[in-house]
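Read through the structure below, which is laid out as structure tokens, and then see the notes.
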Amino acid sequence: MPHILDGKKIAQNLKDQLKIEIENIKIKSKRVPGLAVIQIGNIAASSVYVKAKTKAAKEVGIDVIDHHLAESTNQNDLINLINQLNNNDDVNGILVQLPLPKTINEDLVLNSILPEKDADGFHPLNVGKLSISQKNDENLMIPCTPYGCLLLLRELNINLAGKNAVVIGRSNIVGKPMAQLLLKESCTVTTVHSKTQNIESICRNADILVAAIGKPEFVNRDWVKEGAIIIDVGINRIKVNDAKSKLVGDVMFDEVKDKCHAITPVPGGVGPMTIACLLRNTTIAFKKIKNLNRI
Ligand code: GUN
């Protein structure tokens with residue numbers, strides 16, 4: 003039987019720890035971390051994520067400041083808002099939900115967030131720090147989804163050093179930072195993508211396979227090595243019939259699961275970990291700004 007990595011449960015443990023930590027901080031400093039969440043427009047998936055992030059943040063005692071802006075918001079207005087939040091001492095973390103409308107330059111927006119308030123770890127300074135640091139330092143602002151994947155892998159209590167890890171996908175949000183994290187765990191890391199030749203045979207050599215391509219059930223049984231660990235980052239809604247739809251990952255869970263040592267389900271695998279790691283980054287940012295690490 004494979005280990006089904008229960009992201010919901012592991013994320014809940016993390017949130018419980020954060021809640022206690024925030025309660026203690028509140029007693030000592032009379033302050034709680036603040037997270038500003040910015041959504042532009044009404045992409046359905048973004049609304050679902052933002053709602054889940056907001057709810058989870060409130061549950062652990064983080065103050066949430068919601069900014070839901072119209073699709074027509076222009077870039078300067080968005081950057082002005084970010085500047086205000088940068089200068090607001092009650093805000094420790096800023097998150098701009100992606101993707102942004104096509105009229106807005108994503109790089110400019112992400113660069114305008116103060117690196118120390120960059121709850122997503124997407125600012126170039128944090129990307130650079132992640133790349134050059136020797137260890138997966140607990141105090142780095144690390145992109146939430148890949149860090150959540152690493153925490154799931156750590157739950158298995160196996161030595162990751164020397165393992166062949168294959169990351170499918172090269173996005174800034176998941177694929178690239180995931181490869182960095184696995185490299186620092188001393189895995190031998192290969193990133194494959196839409197232009198890779200023989201992608202299937204490279205994946206079949208993976209002890210750890212991270213699928214982050216956003217294509218429903220793309221990875222089938224033939225792609226998977228016997229005894230592999232599969233982390234499925236995909237969250238894809240597919241139609242079952244005219245009236246019904248369901249969420250599936252990037253991996254054919256049912257046909258792959260018997261072949262592997264461990265696998266994450268969709269939903270209930272990586273998704274909840276992303277949210278828990280966002281709360282973690284916000285708390286780290288708060289402690290750094292308030293110099294509370296020694297409390
Ligand atoms: N869109 C998809 N994933 C993410 C994420 O982790 N953070 C933000 N800000 N937007 C996203």
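With the numbering used here applied, the sequence shown closes on residue 297, and no number is skipped along the way. Just so it is clear, CB atoms sit at the ideal spot from N, CA and C, and this is done for glycine as well.
Judged by beta-carbon spacing, L71 lies within the 9 Å limit of D79, meaning their Cβ atoms are closer than that value. Taking I231 as the centre and dropping the five residues before and after it, the same chain places the C-beta of I210, H263 and A264 closer than 6 Å to its C-beta, in chain order. In this structure, L185 and V194 do not form a Cβ contact; the two beta carbons are roughly 15 Å apart against a cut-off of 8 Å. Here the alpha carbons of K290 and S196 stand approximately 39 Å from one another. For R239, the uninterrupted beta strand (DSSP E) segment begins and ends at N238 to K241. For I232, DSSP records a beta bridge to L211 and I265. Counting only residues of its own chain and dropping the five nearest sequence neighbours on each side, P267 has a CB closer than 7 Å to the CB of I6 and F255.
In the three-state reduction of the DSSP assignment, I106 falls in the coil class. Taking the C-beta atoms as reference points, G270 is found nearer than 9 Å to K10. Shown here for E257: same chain residues with a beta carbon closer than 6 Å to its own, the five before and five after excluded, namely R223 in chain order. In chain order, L7 and I12 place their CB closer than 7 Å to the CB of E157, counting only its own chain and leaving out the 5 sequence neighbours on each side. For T276, the CB falls within less than 8 Å of some heavy atom of the ligand GUN.
One thing to note: G36 has its Cβ no nearer than 9 Å to the Cβ of D122. For S133, the number of other beta carbons within 10 angstroms of its own is below 16, and it is reported as exposed.
Counting only the Cα atoms, Q99 lies some 11 Å from A38.
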